[in-house]
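Below: one structure, written as structure tokens.
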Amino acid sequence: EPEVTQTPSHQVTQMGQEVILRCVPISNHLYFYWYRQILGQKVEFLVSFYNNEISEKSEIFDDQFSVERPDGSNFTLKIRSTKLEDSAMYFCASRATGPRLDNEQFFGPGTRLTVL
Amino acid sequence: AQTVTQSQPEMSVQEAETVTLSCTYDTSENNYYLFWYKQPPSRQMILVIRQEAYKQQNATENRFSVNFQKAAKSFSLKISDSQLGDTAMYFCAFMTSGTYKYIFGTGTRLKVLA
Chain D
42 EPEVTQTPSH
52 QVTQMGQEVI
62 LRCVPISNHL
72 YFYWYRQILG
82 QKVEFLVSFY
92 NNEISEKSEI
102 FDDQFSVERP
112 DGSNFTLKIR
122 STKLEDSAMY
132 FCASRATGPR
142 LDNEQFFGPG
152 TRLTVL
Chain U
5 AQTVTQSQPE
15 MSVQEAETVT
25 LSCTYDTSEN
35 NYYLFWYKQP
45 PSRQMILVIR
55 QEAYKQQNAT
65 ENRFSVNFQK
75 AAKSFSLKIS
85 DSQLGDTAMY
95 FCAFMTSGTY
105 KYIFGTGTRL
115 KVLA
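Taken in sequence, the protein lines are chains D and U.
Using my numbering, read the first sequence as starting at 42 and increasing by one per residue.
Using my numbering, read the second sequence as starting at 5 and increasing by one per residue.
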């Protein structure tokens, strides 16, 4: 069964460093998402991406964040200068498109980011 | 703006018993979908069940069923014959037809007791 994969599973970085979180969505999916979950809190939407551009972003997704799909398969989230409060689990998700609205998002296993 | 509220931070249930997790939401949309996700300690997000807002019939998936009350904007999850493997965090989520993003509630931590 196709699945969303994410690498690395755990990333430890120093404050101020750049990190890139990688995701490989399901191959025939066209919508891609990043969500964040700070430990013990709810899952929060960061950004959605379709047709090689951002379709929506939350207020969390400030200028320190960027996304791209560099090679048609990977979908990356870059944090330019990490802060302590960026420590969280980051989930990638992808969705197929079609006439029905019930195309659920399929989540990857998450990348746990720890900023020291 | 849409919001999702889960008023029960923690619940526990005896193995083989039935438990209901509550969820309410607020929206002015007419077309939307509702979901329950399970997050075990591994933190993987696992879809449990979903409900289309235009369908009056409540969704059912094996031991999991929902009570969808559209007028009341309520979407509760019933777990029958609870099993130890049901122990997890459960998130209610709302998806609109416009943006297709998920809006999650704060979650209910369910513990199934042996």
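The C-beta atom is built at its ideal place from N, Cα and C for all residues, glycine as well.
Is there a Cβ from chain U that is less than 8 Å from the Cβ of residue 77/D?
no
Distance, residue 151/D Cα to residue 77/D Cα:
9 Å
According to DSSP, residues forming a beta bridge with residue 51/D:
153/D
Measuring only the C-alpha atoms, how far is residue 62/D from residue 99/U?
25 Å
Quick check on residue 89/U - is its C-beta less than 8 Å from some C-beta in chain D?
no
List the residues of chain U whose Cβ lies closer than 9 Å to the Cβ of residue 106/D, in chain order.
Residues of chain U passing the Cβ test: none, with the nearest at roughly 16 Å.
Let's see if you can read the secondary structure: which residues bound the beta strand (DSSP E) around residue 129/D?
129-136
Close Cβ partners of residue 72/D (< 6 Å) along its chain, the five nearest in sequence each way excluded:
91 and 136
Determine the direct distance from the alpha carbon of residue 21/U to that of residue 86/D, and round the result to whole angstroms.
34 Å
Taking just the CA atoms, how far does residue 8/U sit from residue 30/U?
7 Å
Using a C-beta to C-beta distance shorter than 7 Å, which residues of chain U count as neighbours of residue 59/D?
Per Cβ cutoff of 7 Å: no residues; residue 59/D is ~24 Å from chain U at best.
Could you tell me whether the Cβ of residue 48/U comes closer than 8 Å to any Cβ of chain D?
yes
Rounded distance between the beta-carbons of residue 113/U and residue 93/U, thought under 8 Å:
5 Å
Classification of residue 130/D by the beta-carbon crowding that lies within 10 angstroms, buried from 16 upward:
buried
Could you work out which residue in 51/U, 80/U, 84/U and 47/U is closest to residue 62/U when comparing CA atoms only?
80/U
Closer than 8 Å, Cβ to any Cβ of chain U: which residues of the region 87-116 of chain D, in chain order?
89, 96 and 97
For the candidate residues 57/U, 10/U and 60/U, whose alpha-carbon lies nearest to that of residue 82/D?
10/U
Terminal residues of the continuous beta strand (DSSP E) containing residue 95/D?
94-98
Is the shortest distance between the beta-carbon of residue 43/D and the beta-carbons of chain U less than 8 Å?
no
Report all residues from its chain with a CB closer than 7 Å to the CB of residue 79/D; omit the five preceding and five following residues, and keep chain order.
129
Could you tell me the alpha carbon to alpha carbon distance between residue 86/U and residue 54/U, rounded to whole angstroms?
19 Å
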